[in-house]
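Engineer: Here it is: the structure, laid out below.
This is the structure in C-alpha coordinates:
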(Lines of atoms letter the chains of each structure in order from A and count residues from 1; the text may use other names and numbers.)
(Lines give C-alpha, C1' and ligand atoms only; values in the text may rest on other atoms or scores of the structure.)
Protein backbone atom coordinates (compact mmCIF):
# COMPACT_ATOMS: atom_id res chain seq x y z
CA UNK A 1 0.00 0.00 0.00
CA UNK A 2 3.01 2.33 -0.25
CA UNK A 3 1.33 4.17 -3.16
CA UNK A 4 -1.22 5.53 -0.66
CA UNK A 5 1.50 7.68 0.91
CA UNK A 6 1.74 9.58 -2.40
CA UNK A 7 -1.97 10.47 -2.40
CA UNK A 8 -4.07 12.88 -0.31
CA UNK A 9 -4.63 11.50 3.17
CA UNK A 10 -5.70 12.23 6.70
CA UNK A 11 -2.87 11.77 9.17
CA UNK A 12 -3.00 11.38 12.95
CA UNK A 13 -0.74 10.44 15.86
CA UNK A 14 -0.77 7.09 17.61
CA UNK A 15 -1.20 8.63 21.08
CA UNK A 16 -3.03 11.85 21.96
CA UNK A 17 -5.27 13.43 24.60
CA UNK A 18 -7.96 14.15 22.01
CA UNK A 19 -8.53 13.75 18.26
CA UNK A 20 -5.66 15.33 16.32
CA UNK A 21 -6.47 14.64 12.66
CA UNK A 22 -4.97 16.65 9.79
CA UNK A 23 -5.50 16.52 6.05
CA UNK A 24 -2.59 16.69 3.63
CA UNK A 25 -2.06 16.23 -0.07
CA UNK A 26 1.73 16.06 0.37
CA UNK A 27 3.51 12.82 -0.53
CA UNK A 28 5.40 11.67 2.54
CA UNK A 29 5.84 8.58 4.68
CA UNK A 30 4.84 8.18 8.32
CA UNK A 31 6.81 6.43 11.04
CA UNK A 32 5.31 3.92 13.45
CA UNK A 33 3.86 6.65 15.71
CA UNK A 34 1.68 8.15 13.00
CA UNK A 35 -1.12 6.72 10.93
CA UNK A 36 -3.09 7.71 7.88
CA UNK A 37 -6.47 7.32 6.27
CA UNK A 38 -6.04 7.40 2.49
CA UNK A 39 -8.95 9.53 1.36
CA UNK A 40 -9.75 12.46 -0.86
CA UNK A 41 -12.89 13.75 0.89
CA UNK A 42 -11.14 16.06 3.27
CA UNK A 43 -14.40 17.45 4.68
CA UNK A 44 -14.54 14.49 7.07
CA UNK A 45 -11.76 16.22 8.98
CA UNK A 46 -14.36 18.45 10.64
CA UNK A 47 -16.08 15.40 12.08
CA UNK A 48 -12.86 13.72 13.15
CA UNK A 49 -11.72 16.78 15.12
CA UNK A 50 -15.13 17.62 16.59
CA UNK A 51 -16.50 17.44 20.12
CA UNK A 52 -18.83 14.68 18.91
CA UNK A 53 -15.88 12.54 17.79
CA UNK A 54 -13.98 13.28 20.99
CA UNK A 55 -16.99 12.18 23.07
CA UNK A 56 -17.55 9.05 20.96
CA UNK A 57 -13.88 8.09 21.08
CA UNK A 58 -13.83 8.35 24.86
CA UNK A 59 -16.68 5.83 24.96
CA UNK A 60 -14.98 3.19 22.79
CA UNK A 61 -11.27 3.49 23.57
CA UNK A 62 -9.55 2.73 26.85
CA UNK A 63 -7.31 5.39 28.36
CA UNK A 64 -3.65 4.77 28.83
CA UNK A 65 -1.34 6.57 31.25
CA UNK A 66 -2.18 10.22 32.12
CA UNK A 67 -5.46 10.28 30.20
CA UNK A 68 -4.03 9.63 26.75
CA UNK A 69 -5.79 7.56 24.10
CA UNK A 70 -4.38 5.27 21.45
CA UNK A 71 -5.64 6.20 18.01
CA UNK A 72 -5.31 2.82 16.37
CA UNK A 73 -7.31 1.18 13.60
CA UNK A 74 -9.53 -0.96 15.81
CA UNK A 75 -10.99 2.22 17.39
CA UNK A 76 -10.59 4.82 14.65
CA UNK A 77 -12.46 2.58 12.21
CA UNK A 78 -15.53 2.75 14.48
CA UNK A 79 -15.89 6.54 14.29
CA UNK A 80 -19.17 7.35 12.54
CA UNK A 81 -18.85 9.84 9.68
CA UNK A 82 -22.04 11.56 8.52
CA UNK A 83 -22.42 12.46 4.86
CA UNK A 84 -21.78 16.05 3.89
CA UNK A 85 -23.81 16.99 0.84
CA UNK A 86 -22.48 19.22 -1.95
CA UNK A 87 -24.12 22.39 -0.62
CA UNK A 88 -22.62 21.86 2.83
CA UNK A 89 -19.20 21.09 1.30
CA UNK A 90 -19.15 24.51 -0.35
CA UNK A 91 -19.51 26.09 3.10
CA UNK A 92 -17.09 23.73 4.88
CA UNK A 93 -14.21 23.53 2.37
CA UNK A 94 -12.89 27.10 2.81
CA UNK A 95 -12.73 26.58 6.57
CA UNK A 96 -10.89 23.29 6.10
CA UNK A 97 -8.42 25.16 3.85
CA UNK A 98 -7.99 27.83 6.49
CA UNK A 99 -7.37 25.38 9.33
CA UNK A 100 -5.01 23.31 7.17
CA UNK A 101 -2.96 26.44 6.54
CA UNK A 102 -2.29 26.60 10.28
CA UNK A 103 -4.63 29.52 11.03
CA UNK A 104 -6.46 28.82 14.27
CA UNK A 105 -9.50 30.91 15.13
CA UNK A 106 -11.65 29.62 17.99
CA UNK A 107 -14.72 31.30 16.49
CA UNK A 108 -14.36 29.37 13.24
CA UNK A 109 -13.62 26.16 15.13
CA UNK A 110 -16.84 26.69 17.11
CA UNK A 111 -18.68 27.12 13.80
CA UNK A 112 -17.22 23.88 12.44
CA UNK A 113 -18.26 22.11 15.62
CA UNK A 114 -21.76 23.52 15.14
CA UNK A 115 -21.80 22.11 11.62
CA UNK A 116 -20.93 18.66 12.98
CA UNK A 117 -23.71 18.87 15.55
CA UNK A 118 -26.14 19.66 12.75
CA UNK A 119 -24.86 16.72 10.68
CA UNK A 120 -25.38 14.30 13.57
CA UNK A 121 -28.42 15.80 15.27
CA UNK A 122 -30.22 17.62 12.47
CA UNK A 123 -33.74 16.91 13.73
CA UNK A 124 -32.94 18.10 17.26
CA UNK A 125 -31.33 21.32 16.02
CA UNK A 126 -34.00 22.08 13.44
CA UNK A 127 -36.75 21.52 16.02
CA UNK A 128 -35.16 24.38 17.99
CA UNK A 129 -34.83 26.56 14.88
CA UNK A 130 -31.06 26.04 14.69
CA UNK A 131 -30.10 25.73 11.02
CA UNK A 132 -26.41 26.50 11.16
CA UNK A 133 -25.48 25.50 7.61
CA UNK A 134 -28.29 27.58 6.13
CA UNK A 135 -27.49 30.58 8.32
CA UNK A 136 -23.76 30.40 7.50
CA UNK A 137 -24.58 30.24 3.78
CA UNK A 138 -27.00 33.15 4.09
CA UNK A 139 -24.34 35.13 5.96
CA UNK A 140 -22.00 34.66 3.00
CA UNK A 141 -19.62 31.92 4.09
CA UNK A 142 -19.94 30.30 0.64
CA UNK A 143 -18.24 33.37 -0.89
CA UNK A 144 -14.98 32.17 0.64
CA UNK A 145 -14.97 29.19 -1.76
CA UNK A 146 -12.09 29.41 -4.18
CA UNK A 147 -10.08 31.87 -2.12
CA UNK A 148 -6.56 30.94 -1.09
CA UNK A 149 -3.74 32.20 1.07
CA UNK A 150 -3.94 35.72 2.42
CA UNK A 151 -7.22 36.42 0.59
CA UNK A 152 -8.85 33.48 2.39
CA UNK A 153 -7.47 34.53 5.78
CA UNK A 154 -8.68 38.10 5.27
CA UNK A 155 -12.16 37.03 4.13
CA UNK A 156 -12.54 34.46 6.93
CA UNK A 157 -11.42 36.99 9.54
CA UNK A 158 -13.94 39.51 8.18
CA UNK A 159 -16.68 36.85 8.19
CA UNK A 160 -15.92 35.95 11.82
CA UNK A 161 -15.73 39.62 12.86
CA UNK A 162 -19.21 40.19 11.43
CA UNK A 163 -21.06 36.92 12.02
CA UNK A 164 -19.35 35.24 14.96
CA UNK A 165 -19.67 38.01 17.52
CA UNK A 166 -22.19 38.34 20.35
CA UNK A 167 -25.58 39.37 19.01
CA UNK A 168 -24.99 38.15 15.45
CA UNK A 169 -27.62 35.63 14.34
CA UNK A 170 -25.11 32.87 13.53
CA UNK A 171 -23.29 33.31 16.85
CA UNK A 172 -26.63 33.25 18.68
CA UNK A 173 -27.41 29.89 17.05
CA UNK A 174 -24.02 28.53 18.12
CA UNK A 175 -24.64 29.74 21.66
CA UNK A 176 -28.14 28.25 21.65
CA UNK A 177 -26.63 24.84 20.88
CA UNK A 178 -25.65 24.75 24.55
CA UNK A 179 -29.33 24.50 25.51
CA UNK A 180 -29.68 21.07 23.89
CA UNK A 181 -29.27 18.15 26.30
CA UNK A 182 -27.33 16.15 23.72
CA UNK A 183 -24.76 18.92 23.29
CA UNK A 184 -24.47 19.47 27.03
CA UNK A 185 -23.78 15.77 27.58
CA UNK A 186 -21.19 15.61 24.77
CA UNK A 187 -19.40 18.70 26.04
CA UNK A 188 -19.44 17.47 29.65
CA UNK A 189 -21.74 20.20 30.95
CA UNK A 190 -24.42 17.84 32.20
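Numbering (my numbering), first residue to last: 218 to 407.
All C-beta atoms in this analysis are idealised placements derived from N, C-alpha and C, irrespective of residue type, glycine included.
Taking Cβ positions, are residue 295 and residue 277 nearer each other than 7 Å?
Structural biologist: Here residue 295 corresponds to residue number 78 of the chain shown, with the count starting at 1. Here residue 277 corresponds to residue number 60 of the chain shown, with the count starting at 1. Going by C-beta atoms, residue 295 is nearer than 7 Å to residue 277.
Engineer: List in chain order: all unbroken alpha helix (DSSP H) runs of 4+ residues lying wholly within the region 297–378.
Structural biologist: Here the runs fully enclosed are 303–317, 323–337, 339–344, 349–355.
Engineer: Taking all protein chains shown into account, do 16 or more other C-beta atoms lie within 10 angstroms of the C-beta of residue 386, making it buried, or fewer, making it exposed?
Structural biologist: To locate residue 386, count along the chain shown from 1; it is residue 169. By the neighbour-count rule (16 or more Cβ atoms within 10 Å), residue 386 is not buried but exposed.
Engineer: Looking at the structure shown, is residue 408 part of a helix, part of a strand, or coil, going by DSSP?
Structural biologist: Absent from the model: residue 408. The displayed extent of the chain is 218 to 407, so no value can be given.
Engineer: To which residues does DSSP link residue 240 through a beta bridge?
Structural biologist: Counted from its first residue, the chain shown places residue 240 at position 23. Residue 240 pairs with 227.
Engineer: Mind checking whether residue 287 and residue 227 have CB atoms under 7 Å apart?
Structural biologist: The sequence position of residue 287 within the chain shown is 70, counting from 1. The sequence position of residue 227 within the chain shown is 10, counting from 1. In this structure, residue 227 does not lie closer than 7 Å to residue 287 by Cβ.
Engineer: Do the CB positions of residue 238 and residue 266 come within less than 7 Å of each other?
Structural biologist: Mapped onto the chain shown, residue 238 falls at position 21. Mapped onto the chain shown, residue 266 falls at position 49. Yes, the Cβ-Cβ distance between residue 238 and residue 266 is below 7 Å.
Engineer: Please list the terminal residues of the continuous beta strand (DSSP E) segment that includes residue 254.
Structural biologist: Position 37 of the chain shown, counted from the start, is the residue given in the question as residue 254. Its beta strand (DSSP E) spans residues 251–255.
Engineer: Check whether the Cβ atoms of residue 380 and residue 356 sit closer than 7 Å, and answer yes or no.
Structural biologist: Numbered from its first residue, the chain shown carries residue 380 at position 163. Numbered from its first residue, the chain shown carries residue 356 at position 139. Yes, the pair counts as a contact, with Cβ atoms nearer than the cut-off.
Engineer: Can you give me the start and stop residues for the alpha helix (DSSP H) that residue 399 sits inside?
Structural biologist: As a working note, residue 399 is residue 182 in the chain shown. Note, residue 399: alpha helix (DSSP H), 398–403.
Engineer: Counting only runs of 4+ residues fully inside the region 274–299, write out the alpha helix (DSSP H) ranges in chain order.
Structural biologist: Correct list: 290–293.
Engineer: Look at the Cβ atom of residue 352, then the Cβ atom of residue 342, and state whether they are nearer than 7 Å.
Structural biologist: Position 135 of the chain shown, counted from the start, is the residue given in the question as residue 352. Position 125 of the chain shown, counted from the start, is the residue given in the question as residue 342. No, the Cβ-Cβ distance between residue 352 and residue 342 is not below 7 Å.
Engineer: Using C-beta distances below 7 Å, list every residue in its chain close to residue 404, excluding the 5 sequence neighbours before and after it, in chain order.
Structural biologist: Counting from 1 along the chain shown, the entry for residue 404 is found at position 187. These residues qualify, in order along the chain: 268.
Engineer: Would you mind giving the Cβ-Cβ distance between residue 247 and residue 331, rounded to the nearest angstrom? I have them listed as a contact below 8 Å.
Structural biologist: Position 30 of the chain shown, counted from the first residue, corresponds to residue 247. Position 114 of the chain shown, counted from the first residue, corresponds to residue 331. Not confirmed; about 31 Å, so no contact.
Engineer: Taking the Cβ atom as the reference point for each residue, do residue 285 and residue 361 lie within a distance shorter than 7 Å?
Structural biologist: For the purposes of this step, residue 285 is taken as the residue at position 68 of the chain shown. For the purposes of this step, residue 361 is taken as the residue at position 144 of the chain shown. Cβ atoms of residue 285 and residue 361: not closer than 7 Å.
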